[in-house]
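Scroll down for the structure; my scribbles are underneath it.
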Amino acid sequence: MNPLQRRRKRGVILTPQGFEKLQTAKCQAQSWENLDKRYTLEDLSDRTGLDPDTVMKVFHCQVGVDKQTLNTCFRAFNLLLEPSDYQLTRTDEIISNQHSIQNLTDWGEAPDISVFLGRTAELTTLKHWILEEHCRLVTLLGMDGMGKTSLSVKLAEQIQNKFEFVIWRSLRNTPPVKDMLADLIKLLSKGQETHLPKTLDDRISQLIYYLKKARCLLILDNLETILQKASGKYDTGYYHQGYEGYSELIRRVAQTLHQSSLVLTSQETPREIRQLIGENLPVRALQLKGLQITEVEEIFKTKGAFWGSTGDLHQLIESYAGNPLALKIAFNKIDKLFDGNISEFLNQKTLVFGEISQLLKENFKRVSNTENIIIEWLASNPQPASITELQSQISPKIPTPQLLDALESLQERSLVDKNAYLFSISPMIREYINHQLIQNKISSNIKQRQRPSQQHRLITTREKSKLPFNIPARTVVKQQG
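Sequential numbering from 133 applies to the sequence shown in my numbering.
In structure tokens:
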């Protein structure tokens, strides 16, 4: 049998208004009746009496079902199905062995991830948010090297058959927002839109029209490249001059009802969506943590022959906070210089070198003065500290609102870890910070020695002419005062 075949099917699907009504009722029920825990597909099946496949069709709003099914689903949440909540559909469905739909994919400059290991739990969470909970905006957060880009590509690969359009774009080259919108609209309209609106607002409206018309998965990678670096005060999350239009784009995609999903990767959360993120809201954020030991063992197998005790491997992972890129760099060093002996590498007590130092340097370019003060204090105090301890012991004292904002920002970028209510930094970060402090002190001492003494200065040629005897002006000093 041909794995792909077409059939005509009549039925009804929820309108945007009907979907919003049902989604709101579901979120309220989760909050009031399920202690804020999200319903699984099985939970929804039990509540409605419908089989899981049918429940998925209702909430995905792509495949037509009979009107009685929508009635049943609405009654399960004490809702009345009204004519404005549904619409008749007659669609050409593509039925395949994988239950997929035809789509248009454009991967842009997405990296090759033919070798992708770990992140199983994160992929499961993201797929649940996007496919089952219809999140309109999802942000992947973490420092460089945590694997945000690779995870976004793997996610798109695994769920692409649930979307009519999949578009992956990098912001690393900082494209103007109007150019980005033109690119997206051209693809989503299949080249039909040739005369684009002039204004930013109208282009965003046109994009959202297509996000409503078809189910689209859009991914924008490296958002931090268009965000300002921190300066003298805590001010992360603001856009570079000329790129503020991305703020409006992201805000409207997050707040407008449609059937598509936008995935962002970034080192920090854009300010316009911080208040929109919530466990039961259509805007979510996932902070990437370090890899687990089983995942690191899989990476070991791809890098070569390594040996050492389980304790050595645990220490190595903890030292680099499970950062995938830092671990890969360390593996190369262990392989080339220590013949795969992890213990010998750890005995050198040197975690930060070459590429790892450069990796951390790039991450710390985005750290504000307030955040620097916090990290330096944590680097000089090996024990984890509570917010109360940070408030009382850091000098000069940091106002509480600034302290809380800075800690949240540092967590987003994986520069500070939180266990329960205690904050700490990884051995890799501690070594880097302490090395920088030592280098700064040495540099300061050198500059101090190069300055003329505060008590002495060189005598000028004019002053030399007034001396009673002849001495070279360059070697004569005069006591101040």
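For each residue, glycine too, the CB sits at the ideal point set by N, CA and C.
Per-residue burial, residue i [other beta carbons within 10 Å of its own, 16 or more giving buried]
i      : result
Asn354 : buried
Gln399 : buried
Glu404 : buried
Asp276 : buried
Asp217 : buried
Trp164 : exposed
Leu167 : exposed
Phe206 : buried
Thr252 : exposed
Gly486 : exposed
Asn455 : buried
Ser284 : buried
Ile145 : buried
His266 : buried
Gly323 : exposed
Thr401 : buried
Glu563 : buried
Lys481 : exposed
Residue span of the alpha helix (DSSP H) that contains residue i, given as start and end
i      : result
Val625 : Outside the displayed range of the chain (133 to 613) lies residue 625, so it cannot be described from this structure.
Arg416 : Premise fails: Arg416 lies in the beta strand (DSSP E), 415 to 419, not in any alpha helix (DSSP H).
Val385 : 377 to 387
Asp217 : Looking at the DSSP string, Asp217 is not in any alpha helix (DSSP H), and its letter there is neither H nor E.
Lys153 : 148 to 165
Thr186 : 184 to 192
Asn551 : Run containing Asn551: none in the alpha helix (DSSP H); it sits in the beta strand (DSSP E), 549 to 551.
Val270 : No alpha helix (DSSP H) contains Val270, which is instead part of the beta strand (DSSP E) from 269 to 273.
Thr180 : 173 to 180
Leu255 : 252 to 259
Ser518 : Premise fails: Ser518 is in no alpha helix (DSSP H) and is neither H nor E.
Ser475 : 474 to 479
Proximity below 8 angstroms, CB of residue i to CB of residue j
i      : j      : result
Glu503 : Ser527 : no
Arg304 : His390 : no
Leu418 : Leu272 : yes
Lys280 : Thr172 : no
Thr204 : Thr180 : yes
Ile351 : Ala437 : no
Tyr342 : Leu320 : yes
Trp261 : Arg416 : yes
Val298 : Thr256 : no
Thr221 : Gly143 : yes
Ser500 : Ala538 : yes
Val131 : Ile340 : Coverage of the chain is limited to positions 133 through 613, which leaves residue 131 absent and any answer about it impossible.
Leu213 : Thr201 : no
Ile570 : Glu508 : no
Leu448 : Ile474 : yes
Proximity to residue i [Cα-Cα], best of the options
i      : options                        : result
Thr316 : Val195, Trp300, Arg304, Glu400 : In the sequence under discussion, the amino acid at residue 316 is Leu, which differs from the Thr named in the question. Looking at the Cα atoms, Trp300 is the closest of the given residues.
Asp444 : Lys433, Glu476, Ala417, Asn513 : Glu476
Ala552 : Arg384, Trp439, Leu343, Ile519 : Ile519
Ile561 : Ile578, Ser500, Ser451, Lys465 : Ser451
Lys286 : Phe297, Phe248, Phe295, Trp261 : Phe248
Asn293 : Leu349, Leu320, Thr271, Lys468 : Leu349
Phe555 : Lys573, Ala511, Gln219         : Ala511
Lys169 : Gln149, Lys310, Glu411, Ser284 : Glu411
Glu380 : Pro531, Thr201, Arg335         : Arg335
Thr306 : Gln290, Gly377, Thr257, Ala253 : Gly377
Asn479 : Ile488, Thr180, Ile466, Arg179 : Ile466
Glu241 : Gln155, Ser302, Thr186, Leu154 : Ser302
Lys493 : His567, Lys344, Ile574         : His567
Asp333 : Ile382, Leu448, Leu283, Ser177 : Ile382
Ile505 : Gln490, Gln525, Leu394         : Gln525
Glu544 : Thr388, Glu356, Pro531         : Glu356
Lys421 : Val195, Gly250, Thr221         : Gly250
Ser393 : Glu296, Met278, Lys199, Lys330 : Glu296
Gln290 : Ser246, Lys318, Met278         : Ser246
Gly374 : Leu339, Asp311, Glu325, Lys433 : Asp311
Leu621 : Phe496, Trp509, Pro516         : There is no way to answer for residue 621, as the model of the chain reaches only from 133 to 613.
Glu254 : Met278, Lys433, Glu521         : Met278
Leu176 : Pro215, Phe209, Glu152         : Phe209
Gln515 : Pro533, Ile557, Ser489         : Ile557
Residue i, enclosing beta strand (DSSP E) - first and last residue
i      : result
Val298 : 297 to 302
Cys205 : Looking at the DSSP string, Cys205 is not in any beta strand (DSSP E); the run it does join, the alpha helix (DSSP H), is 199 to 207.
Phe463 : Taken as a continuous stretch (DSSP letters only), Phe463 belongs to no beta strand (DSSP E), being part of the alpha helix (DSSP H) at 456 to 470.
Ser393 : 393 to 398
Asp276 : No beta strand (DSSP E) holds Asp276; DSSP gives it neither H nor E.
Leu663 : The displayed coordinates of the chain run from 133 to 613. Any statement about residue 663 would go beyond what the structure contains.
Ile351 : 348 to 353
Thr237 : 236 to 238
Cβ of residue i within 8 angstroms of any chain B Cβ
i      : result
Asn354 : Absent from the structure is chain B; it holds one protein chain and no more.
Validate contact between the region 443 to 461 and the region 426 to 435 using beta carbons, cut 8 angstroms, 3 pairs
yes
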